[in-house]
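Taken in order, the sequence shown gives residues 226 to 385; the numbers are from this note's numbering. All C-beta atoms in this analysis are idealised placements derived from N, C-alpha and C, irrespective of residue type, glycine included. The structure appears below as structure tokens.
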Amino acid sequence: MPLYLVRHAKAGSRHDFDGDDRDRPLTNSGRKQAAVLAERLSAVTPTVILSSPYLRCVETVEPLAIAIAAQVQTDERLAEFLESSSATGLARLLDVLRQLPDRAVVCSHGDVIPAIVESLADQGMRIDGTPQWGKASVWVLDRDDKQFVSARSWAPPVID
Numbered sequence: 226m227p228l229y230l231v232r233h234a235k236a237g238s239r240h241d242f243d244g245d246d247r248d249r250p251l252t253n254s255g256r257k258q259a260a261v262l263a264e265r266l267s268a269v270t271p272t273v274i275l276s277s278p279y280l281r282c283v284e285t286v287e288p289l290a291i292a293i294a295a296q297v298q299t300d301e302r303l304a305e306f307l308e309s310s311s312a313t314g315l316a317r318l319l320d321v322l323r324q325l326p327d328r329a330v331v332c333s334h335g336d337v338i339p340a341i342v343e344s345l346a347d348q349g350m351r352i353d354g355t356p357q358w359g360k361a362s363v364w365v366l367d368r369d370d371k372q373f374v375s376a377r378s379w380a381p382p383v384i385d
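The following block contains the structure:
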């Protein structure tokens with residue numbers, strides 16, 4: 226059964242944001258992307274929604290949480306690479322993903338998600354199709370027990 230790995234939707238530029246980067250919100254386009262993601266992902270009946278604590282990630286999965294009457298749980302290990310940039314931090318993060326129930330939705334960042342996918346590919350996970358890395362893209366990671374066996378990605382929603 227799959228696990229869904231979501232890159233946060235479009236957020237404002239970090240260079241134009243005066244506050245703490247953890248508090249940088251989604252743009253209007255990002256909120257529209259989040260709404261489309263909620264429609265797509267609610268169809269898979271998520272069992273849990275786990276997110277980086279950064280506001281832009283939480284805002285990406287909040288519409289989904291509302292749609293399925295669930296809570297967004299946050300986990301620092303999904304934050305933009307701090308400790309996760311080390312081999313130990315990445316290994317801990319992969320252990321978290323292996324322990325999640327089937328159909329879990331996990332939201333993180335543009336540096337964390339490629340590191341996860343590349344590490345799992347190095348461990349033998351097959352990648353089907355053309356990888357999509359854009360904001361609001363989704364990786365569907367298929368597992369056999371705790372072993373990730375294949376992955377495919379969904380392109381980000383196109384918002385006018």
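Contact defined as beta carbons within less than 8 Å: I believe residue i pairs with residue j. What is the distance between those atoms, to the nearest angstrom?
| i | j | result |
| --- | --- | --- |
| residue 396 | residue 262 | The first residue shown for the chain is 226 and the last is 385, placing residue 396 beyond what the model contains. |
| residue 227 | residue 366 | 6 Å |
| residue 371 | residue 323 | 4 Å |
| residue 357 | residue 381 | 7 Å |
| residue 286 | residue 330 | 6 Å |
| residue 334 | residue 277 | 6 Å |
| residue 298 | residue 275 | 5 Å |
Which residue's Cα is closest to the Cα of residue i: the options?
| i | options | result |
| --- | --- | --- |
| residue 237 | 322, 279, 379 and 332 | 279 |
| residue 291 | 239, 266 and 313 | 266 |
| residue 199 | 338, 256, 328 and 354 | Here the chain comprises residues numbered 226 to 385, so residue 199 is not present and cannot be evaluated. |
| residue 281 | 351, 384, 304 and 295 | 304 |
| residue 321 | 273, 302 and 257 | 302 |
| residue 283 | 337, 268 and 256 | 256 |
| residue 332 | 239, 293, 373 and 362 | 362 |
| residue 254 | 360, 355 and 368 | 360 |
| residue 344 | 364, 355, 315 and 233 | 315 |
Any idea which residues DSSP pairs residue i with across the strands?
| i | result |
| --- | --- |
| residue 333 | 232 |
| residue 251 | 236 |
| residue 227 | 367 |
| residue 274 | 297 and 330 |
Do residue i and the ligand FMN come close, with the Cβ less than 7 Å from some heavy atom?
| i | result |
| --- | --- |
| residue 245 | Among the components of this structure there are no ligands whatsoever, and the ligand FMN is therefore not found. |
Whole beta strand (DSSP E) elements within the segment 276-303, 3-residue minimum: For the segment 276-303, the continuous beta strand (DSSP E) assignments of 3+ residues that do not extend past its boundaries occur at 297-299, in sequence order.
4 or more residues per run - each alpha helix (DSSP H) lying fully within the segment 312-381: The qualifying runs are 312-324 and 337-347.
Just checking, does the segment 238-250 make contact with the segment 358-378 on the three C-beta pairs under 8 Å criterion? Inter-segment contact for the segment 238-250 and the segment 358-378 is absent: fewer than three beta-carbon pairs are separated by less than 8 Å.
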